[in-house]
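Chemist: Line by line, the protein sequences give chains A and B.
For the first sequence, numbering that gives the first Met the number 0 begins at 0 and goes up steadily by one.
For the second sequence, numbering that gives the first Met the number 0 begins at 0 and goes up steadily by one.
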Amino acid sequence: MKARIVIDRELCKECHLCVQVCKKSLIRTTTELNSKGYHPVACMENEDCTGCTLCAISCPEVAIEVYRER
Amino acid sequence: MKKVFSRPRSLKSTPFHYCAGCGHSIIHRVICEVIDELGIRGNTIGVPPAGCAVVAYNYFDVDMLEAPHGRGCAVATGIKRTLPDRVVFSYQGDGDLAAIGTAETFHAANRGENITVLFINNAVYGMTGGQMAPTTLLGQTSTTSPPGRNAILDGHPIRMSEILANLEGTAYIERVAVNSAQNILRAKKAVKKAFQYQIDGAGFNMIEVLSQCPTNWKMNTVDACRWVDEVMSKTFPIGVIKDTGKGRKDAD
Ligand SMILES: Cc1ncc(C[n+]2csc(CCOP(=O)(O)OP(=O)(O)O)c2C)c(N)n1
Ligand code: SF4
Chain A
0 MKARIVIDRE
10 LCKECHLCVQ
20 VCKKSLIRTT
30 TELNSKGYHP
40 VACMENEDCT
50 GCTLCAISCP
60 EVAIEVYRER
Chain B
0 MKKVFSRPRS
10 LKSTPFHYCA
20 GCGHSIIHRV
30 ICEVIDELGI
40 RGNTIGVPPA
50 GCAVVAYNYF
60 DVDMLEAPHG
70 RGCAVATGIK
80 RTLPDRVVFS
90 YQGDGDLAAI
100 GTAETFHAAN
110 RGENITVLFI
120 NNAVYGMTGG
130 QMAPTTLLGQ
140 TSTTSPPGRN
150 AILDGHPIRM
160 SEILANLEGT
170 AYIERVAVNS
180 AQNILRAKKA
190 VKKAFQYQID
200 GAGFNMIEVL
210 SQCPTNWKMN
220 TVDACRWVDE
230 VMSKTFPIGV
240 IKDTGKGRKD
250 AD
């Protein structure tokens, strides 16, 4: 795994900008509920994330952290 | 693995009260990233407005002094003249800056006050429920222009950035947007340059941000971001409107 993201499901307001911006379509919508009543997005577990940070830059809630092998 | 993106130090951990997808949230983060990168957190004073950003002081980890509706530039003038070594920014909506606060904004710009203004243009009065603003586009519906803004009844949308650019006192004015990752990165460069111009004593500088308001535009966030590109930026074109080059050259 070259990179990964961590989504704070409590901060997510389901605007879906990250879902749209991920070039590898790694972020998906869910039907779970957070304590504010939103359906937070989730990241699919796989090897494809490049750590490009586009999802985190687009996220209005600063709900995404990005980690990368340097 | 190394952390390559996380919350800027100057942005408190308080969750935003803004609606889902709101441009205010993105602009707050961008300003905080710039404050961190310039290393000016202990030296910066912000002025929040009346409007959706009225409690911006809950988010910025810098000193802040609330202004009455529209008076951000007047309050920022007072702070900057009293404490000239501080970096002072006023954060104002379009109803705030271009309607009730037109006079204060215009004259602060004309005096060339050495402050930075973040002008958040979402083409409506957001907080009060989506009434027509001076910046509402022709034909755009709002709660006080249900058939769409009509130039004969309501006048034309005001381009504050272009107007202020004509004044001698303004050093740098740029219009940016936060509707895509690419535009957010450009907006950050512009905000950084504006703060640098202030630090270099260049005079009045303003960044106008086209900011999506999905709630009052009655769109989902993805459509609202598209609307900024396809419609709003036709009336408010993105780009540098004035640059006197009075700031340090490496501000670019
Ligand atoms: C003196 C005064 N008049 C009117 C109001 C009511 N008011 C609060 S916010 C607002 C307009 C906000 O619109 P804008 O500046 O565009 O900011 P936004 O909420 O869209 O971010 C108004 C008219 C007020 N708070 N104070
Ligand atoms: S009403 Fe509009 S400007 Fe105000 S918080 Fe909601 S989306 Fe943002």
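For every residue, glycine included, the Cβ atom is placed at its ideal position computed from N, Cα and C.
Keep in mind it's a predicted model, so treat the numbers as computed, not measured.
Within 7 Å: the Cβ of Thr213 of chain B and any heavy atom of ligand 2?
Modeler: Within the second sequence, numbered from 1, the residue matching residue 213 of chain B stands at position 214. First, the amino acid is wrong: residue 213 of chain B is Pro here, not Thr. Pro213 of chain B: yes, Cβ under 7 Å from ligand 2.
Chemist: Name, please, each residue of chain A whose Cβ falls closer than 9 Å to the Cβ of Ile34 of chain B.
Modeler: The residue you call residue 34 of chain B lines up with position 35 of the second sequence. Those do not exist, as Ile34 of chain B stays about 15 Å from chain A at its closest Cβ, beyond 9 Å.
Chemist: Answer yes or no: does any C-beta atom of chain A fall closer than 8 Å to that of Ser24 of chain B?
Modeler: Here residue 24 of chain B refers to the residue found at position 25 of the second sequence. Yes, contact with chain A.
Chemist: Do we get a CB-CB distance below 8 Å when we pair Leu59 of chain B with the residues of chain A?
Modeler: Taking the first residue of the second sequence as 1, we reach residue 59 of chain B at position 60. Reading the sequence as shown, one finds Phe at residue 59 of chain B and not Leu. No - not a single Cβ of chain A is within 8 Å of the one on Phe59 of chain B.
Chemist: Give me the subset of the segment 172–183 of chain B whose CB atoms are less than 7 Å from a CB atom of chain A, sorted by chain position.
Modeler: Correct list: Ala180, Ile183.
Chemist: Compute the distance between the beta-carbons of Val230 of chain B and Leu136 of chain B, then report whether it is under 8 Å.
Modeler: On the second sequence, residue 230 of chain B is found 231 positions in, with the first residue counted as 1. On the second sequence, residue 136 of chain B is found 137 positions in, with the first residue counted as 1. Yes, the pair counts as a contact, with Cβ atoms nearer than the cut-off.
Chemist: What's the gap between the Cα of Gly244 of chain B and the Cα of Lys233 of chain B?
Modeler: Sequence index remark: in the second sequence, residue 244 of chain B carries index 245 (1-based). Sequence index remark: in the second sequence, residue 233 of chain B carries index 234 (1-based). Roughly 27 Å separates the two Cα atoms.
Chemist: For a contact defined as C-beta to C-beta under 7 Å, what are the partners of Ser5 of chain B on chain A?
Modeler: As a working mapping, residue 5 of chain B is identified with position 6 in the second sequence. Correct list: Glu64.
Chemist: Nearest to Ser179 of chain B by alpha carbon, out of B:Val208, B:Thr169, B:Glu161, B:Gly92?
Modeler: On the second sequence, position 180 is the one that residue 179 of chain B refers to. Of the candidates B:Val208, B:Thr169, B:Glu161, B:Gly92, the one whose C-alpha sits nearest the C-alpha of Ser179 of chain B is B:Val208.
Chemist: Kindly give me the distance between the Cβ atoms of Val177 of chain B and Gly38 of chain B, rounded to whole angstroms, as I take these residues to be in contact under 8 Å.
Modeler: In the second sequence, the residue the question calls residue 177 of chain B occupies position 178. In the second sequence, the residue the question calls residue 38 of chain B occupies position 39. Going by Cβ atoms, the distance from Val177 of chain B to Gly38 of chain B rounds to 24 Å, so no, they are not a contact pair.
Chemist: Using only the alpha-carbon positions, how far apart do Pro65 of chain B and Asp47 of chain A sit?
Modeler: As a first step, residue 65 of chain B is located in the second sequence; it is residue number 66 there, counting from the start. As a first step, residue 47 of chain A is located in the first sequence; it is residue number 48 there, counting from the start. According to the sequence as given, residue 65 of chain B is Glu; it is not Pro. Cα to Cα, the separation comes out at about 46 Å.
Chemist: Ignoring anything shorter than 4 residues or poking outside the segment 135–177 of chain B, list the alpha helix (DSSP H) runs there in chain order.
Modeler: 150–153, 159–164
Chemist: Taking contact to mean 3 or more Cβ pairs, one atom from each stretch, closer than 8 Å, check whether the segment 41–58 of chain A and the segment 202–218 of chain B are in contact.
Modeler: no
Chemist: On the three-state DSSP scale, how would you describe Ala126 of chain B?
Modeler: Within the second sequence, the letter at position 127 stands for residue 126 of chain B. According to the sequence displayed, residue 126 of chain B carries Met and not Ala. Note: Met126 of chain B maps to coil in three-state DSSP.
Chemist: Considering only C-alpha positions, which residue in the set A:Cys11, A:Leu16, A:Lys12, A:Thr29 is nearest to Met43 of chain A?
Modeler: In the first sequence, residue 43 of chain A corresponds to position 44, counting from 1. When only C-alpha atoms are compared, the closest one is A:Thr29.
Chemist: Measure from the alpha carbon of Phe105 of chain B to the alpha carbon of each residue in B:Ala189, B:Ala164, B:Gly147, B:Thr143, then state which is nearest.
Modeler: The residue given as residue 105 of chain B occupies position 106 in the second sequence. Of B:Ala189, B:Ala164, B:Gly147, B:Thr143, the residue nearest in Cα terms is B:Ala164.
Chemist: So, using beta-carbon positions, are Asp95 of chain B and Pro133 of chain B closer together than 8 Å?
Modeler: Counting from one through the second sequence, the residue named residue 95 of chain B turns up at place 96. Counting from one through the second sequence, the residue named residue 133 of chain B turns up at place 134. For Asp95 of chain B and Pro133 of chain B, no; Cβs fall outside 8 Å.
Chemist: Determine the closest residue to Asp222 of chain B out of B:Ser12, B:Ala19, B:Phe4, with distance taken between C-alpha atoms.
Modeler: Counted from its first residue, the second sequence places residue 222 of chain B at position 223. With distances taken between Cα atoms, Asp222 of chain B lies closest to B:Ala19.
Chemist: Note down, in chain order, every chain A residue with its Cβ under 9 Å from the Cβ of Asp221 of chain B.
Modeler: Against the second sequence, residue 221 of chain B aligns to sequence position 222. Per the sequence shown, residue 221 of chain B should be read as Val rather than Asp. Per Cβ cutoff of 9 Å: Cys14, His15, Leu16, Val18, Gln19.
Chemist: Is there contact here, the segment 22–37 of chain A with the segment 233–242 of chain B, by at least three beta-carbon pairs under 8 Å?
Modeler: no
Chemist: Along the chain, where does the alpha helix (DSSP H) containing Ile63 of chain A start, and where does it finish?
Modeler: Taking the first sequence and counting its residues from 1, the one referred to as residue 63 of chain A is at position 64. Here Ile63 of chain A belongs to no alpha helix (DSSP H); instead the beta strand (DSSP E) covers 63–67.
Chemist: Could you give the first and the last residue of the continuous beta strand (DSSP E) run that contains Arg225 of chain B?
Modeler: Position 226 of the second sequence, counted from the first residue, corresponds to residue 225 of chain B. Note, Arg225 of chain B: premise wrong, no beta strand (DSSP E); alpha helix (DSSP H) at 220–226.
Chemist: Beta-carbon of Arg28 of chain B versus every beta-carbon of chain A: anything under 8 Å?
Modeler: Taking the second sequence and counting its residues from 1, one reaches residue 28 of chain B at position 29. Closer than 8 Å to some Cβ of chain A, the Cβ of Arg28 of chain B qualifies, so yes.
Chemist: Which complete beta strand (DSSP E) runs does the segment 52–138 of chain B hold, if anything under 3 residues is left out?
Modeler: 86–92, 115–120
Chemist: Which residues of chain A have a Cβ atom closer than 7 Å to the Cβ of Ala19 of chain B, listed in chain order?
Modeler: By one-based count along the second sequence, residue 19 of chain B stands at place 20. The answer, in chain order, is Lys12, Glu13, Cys14.
Chemist: Can at least three beta-carbon pairs, one atom from the segment 52–61 of chain A and one from the segment 8–26 of chain A, be found at a separation below 8 Å?
Modeler: yes
Chemist: Given a cut-off of 8 Å, decide if Val190 of chain B and Ile30 of chain B are closer than it, judged by their beta-carbon atoms.
Modeler: Working through the second sequence from its first residue, we reach residue 30 of chain B at position 31. Working through the second sequence from its first residue, we reach residue 190 of chain B at position 191. Their beta carbons are under 8 Å apart, which means Ile30 of chain B touches Val190 of chain B by this criterion.
Chemist: Count the C-beta pairs between the segment 3–10 of chain B and the segment 33–48 of chain B that are closer than 8 Å, then say yes if the count reaches three, no if not.
Modeler: In short, these stretches touch, since the Cβ pair count reaches three.
Chemist: Would DSSP call Val208 of chain B helix, strand or coil?
Modeler: Here residue 208 of chain B is taken as the residue at index 209 of the second sequence, counted from 1. Val208 of chain B falls in the strand class under three-state DSSP.
Chemist: Taking its Cβ as the centre, do 16 or more other Cβ atoms sit within 10 Å of Glu103 of chain B, making it buried, or is it exposed?
Modeler: Within the second sequence, the letter at position 104 stands for residue 103 of chain B. Glu103 of chain B comes out buried.
Chemist: Measuring CA to CA, which of B:Pro146, B:Pro48, B:Arg185, B:Ser144 is closest to Phe118 of chain B?
Modeler: Here residue 118 of chain B refers to the residue found at position 119 of the second sequence. Comparing Cα-Cα distances from Phe118 of chain B to each of B:Pro146, B:Pro48, B:Arg185, B:Ser144, the minimum goes to B:Pro48.
Chemist: Does Gly36 of chain A get closer than 8 Å to chain B when you measure Cβ to Cβ?
Modeler: Residue mapping note: residue 36 of chain A aligns to position 37 of the first sequence, counting from 1. Put simply, the CB of Gly36 of chain A is far from chain B, with every gap to its CB atoms at 8 Å or more.
Chemist: So does Ala75 of chain B have its beta carbon nearer than 7 Å to some heavy atom of ligand 1?
Modeler: Within the second sequence, numbered from 1, the residue matching residue 75 of chain B stands at position 76. No, the beta carbon of Ala75 of chain B sits no closer than 7 Å to any heavy atom of ligand 1.
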